[in-house]
Structures are given as structure tokens and as C-alpha cells.
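Novice:
Protein chains: 2
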Amino acid sequence: MTSYGLLVFDDAEELDFVGPWEVFTASTMVIGADGDHHVSMVAERNEPVRCAKGMAVIPHHTLDDHPAYDVVLVPGGMGTRTEVNNERVLDWLTRVALTATWMTSVCTGSLLLVASGVAAGKRVATHWGFEDTLDARDDCTVVRNARWVRDGSVVSSQGVSAGIDMALWLIGEIHGPAHARTVQRYLQYDPAPPYQADV
Amino acid sequence: MTSYGLLVFDDAEELDFVGPWEVFTASTMVIGADGDHHVSMVAERNEPVRCAKGMAVIPHHTLDDHPAYDVVLVPGGMGTRTEVNNERVLDWLTRVALTATWMTSVCTGSLLLVASGVAAGKRVATHWGFEDTLDARDDCTVVRNARWVRDGSVVSSQGVSAGIDMALWLIGEIHGPAHARTVQRYLQYDPAPPYQADV
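Protein sequence lines, in the order shown, are assigned to chains D and E. In this text, residue positions in the first sequence follow my numbering: the first is -3, and each later residue adds one. In this text, residue positions in the second sequence follow my numbering: the first is -3, and each later residue adds one.
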């Protein structure tokens, strides 16, 4: 059974990780795994995390004590500008990347994958409003106009809602298209945005 | 400023309320309201809620002590089958509906709006897998093949991810299409499902 670890930190953007959380946990449910401990949230400390828009979540594990993860997901949100200077988090990303099959990010979460070295030199996606900033680092190549980007074992998506699309793609890679379609149907993911994006 | 109250309860489905949460809080941010207390999660008790797939959230308010809400949102999830017999929750829905402008639901949350009487006799949407069950109640009319349904002040959406579309529509009704487009762009909500739904 694939195990998924979603990093959470103060000011992480809520939908960035709850979108993929829903996809990964639904995937686990569809497969029929016992319990739900195959998908967990991991944080630096064993205390509630206050997300970017005010939601408070209680992480399941800490960076020092968690199951082995096959898939790691890093959300974005304003908190990434703080965590990019947090050596404990960056070191953890480097460490788990040694054994994880997939290292993934949503929105500005790609900043942490790049800064930790996990995505250094790789092609990455990020939120449209952060593309220029990330591109200015010179230690990655920002791909624009792609909903998500895979470069080796690193998969990064554009902003906020893009994590849902990326997560569905990922479970399709891991468990096959038929499985991904079943999960997509469980989520009733037939998006019908009521407005055209103001691009 | 519009105030939003999202009901949470044990075994509520995570994305059902976090999708609209992201839309409503982004709307509040774009408008430039002070702080983020205009959108809150409300639960029966002042203790962590354990959601359907294992996420633990800490509610901001209780049913007995919360700000006046203009918009109330009821998520779905297996927990609705328990809450449908919870008189405290049903009574609360009836009470807040007296002053709220909009009463909304996602997925099987419509069961609670119907059972409380708030949506009794109205046209409602729900998750595709629950349509027959809800239709069998005979105190509502289930609309199939519509992503979300408005009947007076009640707006209900189909399963899980459909709450995002409904919430964007709702802020467009409240604050206008230009505002909704700005929020949609902030969320980078240009969905690109990697698979066709297995319908």
C-alpha cells in the first residue's frame, strides 16, 4: 500500500493540501486498505497548525516520528516564505527524498522543494503570481502554462486547486487509469467553474 | 461584510467544506476585510472534529456561541447519517435559517437541510451515489445532472468537489461576477482533470 505524507505548517494554504488529501485518502479507501493511516499529515511540532486562511488542523505525526512515506506533498501558502528559512524542514525534505518514490508540491510549495535541493535544477510549476520570483532564483526552471510538471521523481503543480489534478494524475501513475477514474468519480470531479478565469 | 459559517462534525468529508472554505476566505481576502473572522467553522462542541478521512480540525465556534451568519454551509460525508438524528444540529439549522441569507450544502449535506425542514419540499442536489436514497424521503425533489441547484435561499451541490463550483457561483451572486473571477484566478481554478469521469 502506498503511504502518503502531507507536510503542514503555519500559513500553509488550506486547499493546497486538502485537495490532494481527499484524492489520496479516497484512493486508499477504494483500494480497501485497512484504516486510514496510510495518508497522514506531518508537521514540525506536535501541536495544531494554523493555516493561511485560519483553519486549524492537528497533524498526525512530527518530522522526527512518522511512517515511511512513498509520496510526500508540500503545500504552498504564505508560510512557505517562512519555511524556506527553516533548516529543519529543508533537511527533512532532503532526507525523506532519499527513500520516497515521489516528491510533490502544490502552488508555492515548489519553493521548498527547490530550496531544499530536492528539486534543484529541475523543471517546476508554481502559482502564476509566484512564477517570476521562483524563476529569479536561477536554481530551477519554472514551467509556465502547464497545470503540473513532472521532472524525474519531482511533480509540482500550479496554484491551489491544481493540486487536485496533479494528485489524480499521480494515483493514475501509481495504480493505473481505471483506479484514478474511480476515485475521480467518487469525488464527483466533473468541474464546472461558473466563470471564465480572468486571464 | 458577508459572514460565513461552515458546519463541521465527525465524519464530515474534508473537501466538502475546505473547497468552499478556500473560496469564501479568498473572497474575504480579496475584498480586504480585516482579519479572517468573517469565515469560521462551527461545531456542536468545542473540541477537535475527526473528519471522514482522518483529518482533525479545531472548530472556531460552537452552535451556542458564534457570530451571526449570512451564509451557512453544511458538508456531506458519512457523518450526515449520524447527524440526521442529532436534534441539536437540526434545531440549529432551523434557527440560523431564520436570519441567514443563504443556506447551502455540499454532497450529502443536503440530507441535513431537508431533515431539518430548511430545504423541505425544495429542489436539491446531492452526491450521485445518494440521489436515490434522498429521493426516497418524499420531502424533497432531487435534481440530477445539475452541478448545483438553487431553490429560493437554499443552494445545494453535488458531491465533494462540486462545492467549489457552487461557492464560486455564490460569491458571484453576492459580490458580482468580476469579484468571483478574481477569486477564481487567485485559486488558479482552471481545472484540468487528467481522466474522463467514468460515468
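We treat Cβ as the ideally placed atom computed from N, Cα and C, and that holds for glycine.
Quick one: grab the DSSP three-state call for Arg84 of chain E.
Specialist: Looking at Arg84 of chain E - three-state DSSP - the assignment turns out to be helix.
Novice: From the beta carbon of Val92 of chain D, is the nearest beta carbon of chain E less than 8 Å away?
Specialist: For Val92 of chain D, the answer is no, since every Cβ of chain E falls outside 8 Å of its Cβ.
Novice: Among D:Met25, D:Pro173 and D:Leu3, which has the Cα closest to the Cα of Asp60 of chain D?
Specialist: Comparing Cα positions, the closest option is D:Leu3.
Novice: What in chain E is Cβ-close to Ile54 of chain D, meaning under 8 Å?
Specialist: What Ile54 of chain D touches in chain E: Pro44, Ala52, Val53 and Ile54.
Novice: Short of 7 Å Cβ to Cβ, which residues in the stretch 104 to 126 of chain E face chain D?
Specialist: Cβ contacts with chain D come from His123 and Trp124.
Novice: Taking DSSP as the reference, what is the three-state secondary structure of Leu69 of chain E?
Specialist: Three-state result, Leu69 of chain E: strand.
Novice: Pull up the distance between the alpha-carbon of Asp128 of chain E and that of Val138 of chain E, whole angstroms please.
Specialist: Rounded to the nearest angstrom, the two C-alpha atoms are 8 Å apart.
Novice: Look at Leu86 of chain D and Ala111 of chain D and say whether their C-beta atoms are less than 8 Å apart.
Specialist: Yes, they are a contact pair.
Novice: Of all the options E:Thr122, E:Phe5, E:Leu11 and E:Asp7, which has the alpha carbon lying nearest to the alpha carbon of Gly159 of chain D?
Specialist: Of the candidates E:Thr122, E:Phe5, E:Leu11 and E:Asp7, the one whose C-alpha sits nearest the C-alpha of Gly159 of chain D is E:Leu11.
Novice: Between which two residues does the alpha helix (DSSP H) carrying Leu130 of chain D extend?
Specialist: Note, Leu130 of chain D: alpha helix (DSSP H), Glu127 to Asp131.
Novice: Can you tell me whether Gln192 of chain E is buried or exposed? The criterion is at least 16 other CB atoms within 10 Å of its CB, across all chains shown.
Specialist: With fewer than 16 Cβ atoms within 10 Å of its Cβ, Gln192 of chain E is classed as exposed.
Novice: Output the residue ranges of the beta strand (DSSP E) runs that lie fully inside the stretch 29 to 61 of chain E and measure 3 residues or longer, sorted by chain position.
Specialist: Complete beta strand (DSSP E) runs here, min 3: 35 to 39 and 52 to 54.
Novice: With DSSP as the reference, identify every bridge partner of Asp12 of chain D, one or two as the case may be.
Specialist: In the DSSP output, where bridge partners are listed per residue, Asp12 of chain D has none listed.
Novice: Assign Met25 of chain E to one of three DSSP states: helix, strand, or coil.
Specialist: If DSSP states are grouped into helix, strand and coil, Met25 of chain E belongs with the helices.
Novice: For Val38 of chain D, which of D:Trp17, D:Trp144 and D:His62 has the nearest alpha-carbon?
Specialist: Per the Cα distances, D:His62.
Novice: Could you check which residue in E:Gly1, E:Thr(-2), E:Glu9 and E:Leu94 has the C-alpha nearest to that of Leu183 of chain D?
Specialist: Out of E:Gly1, E:Thr(-2), E:Glu9 and E:Leu94, E:Glu9 has the C-alpha closest to the C-alpha of Leu183 of chain D.
Novice: Taking Asn141 of chain D as the reference, which of E:Asp131, E:Asp186 and E:Asp7 has the closest Cα?
Specialist: That would be E:Asp186, whose Cα lies nearest to the Cα of Asn141 of chain D.
Novice: Flag this pair as yes or no: are the beta carbons of Ser149 of chain E and Trp98 of chain E separated by less than 8 Å?
Specialist: Yes, Cβ-Cβ distance for Ser149 of chain E and Trp98 of chain E is below 8 Å.
Novice: For Pro189 of chain D, which residues in chain E fall below 7 Å Cβ to Cβ?
Specialist: In chain order: Asp161, Leu164, Gln180, Tyr185 and Pro187.
Novice: Pick helix, strand or coil for Val156 of chain E, following the three-state DSSP scheme.
Specialist: Val156 of chain E: coil per DSSP, three-state reduction.
Novice: Go to Tyr182 of chain D, then tell me how far its alpha helix (DSSP H) extends in each direction, as first and last residue.
Specialist: Pro173 to Tyr182 is the extent of the alpha helix (DSSP H) around Tyr182 of chain D.
Novice: So with CB distances below 8 Å, who are the chain D contacts of Trp98 of chain E?
Specialist: The premise fails here: Trp98 of chain E is roughly 15 Å from chain D at the closest Cβ pair, so nothing lies under 8 Å.
Novice: Please classify Glu228 of chain E as buried or exposed, where buried requires at least 16 neighbouring CB atoms within 10 angstroms.
Specialist: There is simply no residue 228 of chain E to check, as chain E begins at -3 and stops at 195 in what is shown.
Novice: I'd like the list of long-range same chain contacts for His34 of chain E, defined as Cβ closer than 6 Å, with 5 residues on each side in sequence excluded.
Specialist: So the list reads Met(-3), Ser(-1) and Thr24, once near-sequence residues are dropped.
Novice: Spatial neighbours of Val195 of chain D within its chain, please: CB distance less than 7 Å, with the 5 preceding and 5 following residues excluded, ordered by chain position.
Specialist: With a pLDDT of only 49 at Val195 of chain D, under the threshold of 50, the placement of this residue in the model should not be trusted; the figure read from the coordinates follows. Excluding positions up to five away in sequence, the list is empty.
Novice: In the DSSP output, what is Tyr0 of chain E paired with across the bridge?
Specialist: DSSP, once it has assigned bridges, lists E:Val35 and E:Val67 as partnering Tyr0 of chain E.
Novice: Determine which residues of the stretch 3 to 32 of chain E have a Cβ less than 7 Å from any Cβ of chain A, and write them out in chain order.
Specialist: Looking for chain A here will not work: the only protein chains present are D and E.
Novice: Please report the residue range of the alpha helix (DSSP H) in which Thr100 of chain E lies.
Specialist: From DSSP, Thr100 of chain E is part of no alpha helix (DSSP H) but of the beta strand (DSSP E) over Trp98 to Ser101.
Novice: Quick check on Arg133 of chain D: buried or exposed, where buried means 16 or more other Cβ atoms within 10 Å of its Cβ?
Specialist: Looking at its Cβ environment, which holds fewer than 16 other Cβ atoms inside 10 Å, Arg133 of chain D is exposed.
Novice: When we look at the beta-carbon of Arg41 of chain E and count the other beta-carbons within 10 Å, is it buried (16 or more) or exposed?
Specialist: Result: exposed.
Novice: Once DSSP output is grouped into helix, strand and coil, what is the label at Thr95 of chain E?
Specialist: Note: Thr95 of chain E maps to coil in three-state DSSP.
Novice: Drop a sphere of 10 angstroms on the beta-carbon of Leu94 of chain E, count the other beta-carbons inside from all chains shown, and report buried for 16 or more, exposed for fewer.
Specialist: Leu94 of chain E should be labelled exposed.
Novice: Trp144 of chain E bridges to which residues according to DSSP?
Specialist: BP columns for Trp144 of chain E point to E:Ser153.
Novice: From the DSSP output, in three-state form, read off Thr90 of chain D for me.
Specialist: In the structure shown, Thr90 of chain D sits in a helix (DSSP, three-state: H, G or I).
Novice: Which value, in whole angstroms, describes the spacing of the CA atoms of Gln180 of chain E and Ile170 of chain D?
Specialist: For Gln180 of chain E and Ile170 of chain D, the distance between alpha carbons rounds to 30 Å.
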